[in-house]
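The next block holds one structure in the form of structure tokens; read it before the comments.
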Amino acid sequence: MTAPHGRGLLHLAAALDQQAAFDAASYVGPAQLAERGGLDFVTLGDTFARPGPDALAVLSRVAPATRRIGLVPTVTTTHTEPFHVQAAVATLDWVSRGRAGWQLDVSTTEGEARLFGRRHAAPADALWREAGEIAEVAARLWDSWEDDAEIRDEATGRFIDRDKLHHVDFRGATFFVKGPSIVPRPPQGHPVRVVDATEGPARRVAARYADVALVRVVGPAQARAVRAELRDAAAEFGRNPDTLRVLGSLVVDLGDGERAAEPGHGGGGPRQSAQGPLYRGGPVDLAELIAAWHASEAVDGFHLTPVEPRRDLERLVNGTVALLQHRGLFRTFYPGSTLREHLGLARPANQYAVTGGAS
110 MTAPHGRGLL HLAAALDQQA AFDAASYVGP AQLAERGGLD FVTLGDTFAR
160 PGPDALAVLS RVAPATRRIG LVPTVTTTHT EPFHVQAAVA TLDWVSRGRA
210 GWQLDVSTTE GEARLFGRRH AAPADALWRE AGEIAEVAAR LWDSWEDDAE
260 IRDEATGRFI DRDKLHHVDF RGATFFVKGP SIVPRPPQGH PVRVVDATEG
310 PARRVAARYA DVALVRVVGP AQARAVRAEL RDAAAEFGRN PDTLRVLGSL
360 VVDLGDGERA AEPGHGGGGP RQSAQGPLYR GGPVDLAELI AAWHASEAVD
410 GFHLTPVEPR RDLERLVNGT VALLQHRGLF RTFYPGSTLR EHLGLARPAN
460 QYAVTGGAS
């Protein structure tokens, strides 16, 4: 199925964030609803700045209760060990059978730093440079096992081919990792990396390493400019810009019934709020906004955060998504099984197997 105007189908994702929700059912039900709508992935935010369950652990619980939808937890790269982070994300990819993503974020406050007691808070620029290095070493560690490194030969008692395990020997500004990983190469090769590229310090990391860049913008012209900037920067880093998906991030308040979008919302674009760009209106007008932005090549899709998680997600799936499907702008079924397939992204080649990197 191909969308009108020669553009590919929309990509849609939704946030599962909820306040004071610690039971698994609070996340499993909404994730299953998003999957029934065919959404590419769901996200779950996390931060050291507030109490709450560990996002990666929660989505590991959601994984066996879903079959197709991508699962993208936020995992901060600050105050955490890069080796452990990549292993945890790789494990999520294994338990979900190729549906894992990882939203990179940084921790900028002194309060967060005091929780660990290892170092003081640092400027955002420095932390995002570190995040880029961690994104790089994660990819190397995911590749440190070649796909056929596991032999499992009972006759000889050999479990792995040691010639197909590789030391990464990566030295960053704040860490050193030798490798190889303790987890075999993930099903997707590289789990999908997501970066909120709204702020300047994160944008360079998104252009170089992200598969999906989120941008919080209030109008299509602004979104189009940011998308062009990200694609140009990706090309400068030697990437094919078409391997980067740029999604507009909106907070959505779909209310209790169909109504016209309020002034400043709907077709005129969302308005800025303390939570970010906010759309307040009905599912039909939201579908019109999404279709218009996509047709104008402002974005490749949207990441939507419901104001009222259960109410708004249900109206999003049963109203907005259903209308977009009816118009041929969004999938009616998952053609593949992995998050990379949902996003139209190829499985990366193993850099060590291709280049014959030293062990």
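Residue numbers for the sequence shown, in the working numbering: 110 to 468.
Think of the CB as a built atom: it goes at the ideal place given N, C-alpha and C, for glycine as much as any other residue.
Bear in mind the structure is a predicted one, so any value in this text is a computation, not a measurement.
Contact between the region 179-191 and the region 199-208 is established, with three or more Cβ pairs separated by less than 8 Å. Residues Gly154, Asp155, Ala164, Gln212, Asp214 of the same chain have their beta carbon placed closer than 6 Å to that of Thr183, with the five preceding and five following residues left out of the count. Of the residues Asp278, Pro232, Leu359, the one whose Cα lies closest to the Cα of Asp305 is Leu359. In chain order, Val286 place their CB closer than 6 Å to the CB of Phe192, counting only its own chain and leaving out the 5 sequence neighbours on each side. Contact holds between the region 195-205 and the region 294-301, because three or more Cβ pairs, one in each stretch, are under 8 Å apart. In this structure, Leu118 sits away from Arg354, with a CB-CB distance that is not shorter than 8 Å. The beta carbon of Leu432 is closer than 6 Å to those of Ala396 in its chain, skipping five residues each way along the sequence.
Under the three-state reduction of DSSP, Tyr388 is assigned to strand. Looking at the DSSP output, Ser205 shares a beta bridge with no other residue.
Going by C-alpha positions, Ala124 is about 7 Å away from Pro415. If you check the CB distance, Leu448 and Phe150 come in under 8 Å. Nearest to Ala166 by C-alpha distance, out of Asn349, Phe131, Ala233, Ala247, is Phe131. Distance between Arg456 and His299, taken at the CA atoms: about 7 Å. For the pair Arg227 and Thr187, the Cα-to-Cα distance works out to about 11 Å. Residue range 354-362 is occupied by the beta strand (DSSP E) that includes Leu356. DSSP, reduced to helix, strand and coil, places Arg348 outside both helices and strands of the structure shown, so it counts as coil.
When DSSP states are grouped into helix, strand and coil, Gly138 belongs to the helix group.
DSSP, reduced to helix, strand and coil, places Arg325 outside both helices and strands of the structure shown, so it counts as coil.
Around Ala133, the same chain offers Arg170 as residues with beta carbons nearer than 7 Å, after the five sequence neighbours per side are excluded. In this structure the region 275-289 lies against the region 248-267, because at least three pairs of beta carbons, one per stretch, are closer than 8 Å.
Under DSSP, the beta-bridge partners assigned to Pro182 are Leu153. Taking C-beta atoms as the reference points, Val327 and Gln381 count as a pair closer than 8 Å. Ala122 sits close to His412, with the two beta carbons spaced by under 8 Å. Going by beta carbons, Asp272 and Ile260 fall outside the 8 Å limit. In the DSSP assignment, His120 is bridged to Gly410.
Comparing alpha carbon positions, the residue from Gly138, Leu236, Glu144, Leu148 closest to Leu438 is Leu148. When only Cα atoms are considered, Leu387 and Leu224 end up about 33 Å apart. Assigned with DSSP and collapsed to three states, Arg177 falls in coil, not helix or strand. Beta-bridge pairing by DSSP links Arg267 to Asp262.
For the pair Ala240 and Thr217, the CB atoms are not nearer than the 8 Å cut-off.
With respect to the 8 Å criterion, Phe279 and Val246 are classified as neighbours on the basis of their beta carbons. In the structure shown, Asp305 falls within a strand segment according to DSSP collapsed to helix, strand and coil. In the DSSP annotation of this structure, the continuous segment of the alpha helix (DSSP H) that includes Gly220 starts and ends at 219-225. Separation of the CB atoms of Phe346 and Arg302 is rounded to 14 Å, and the pair is thereby denied contact status at 8 Å.
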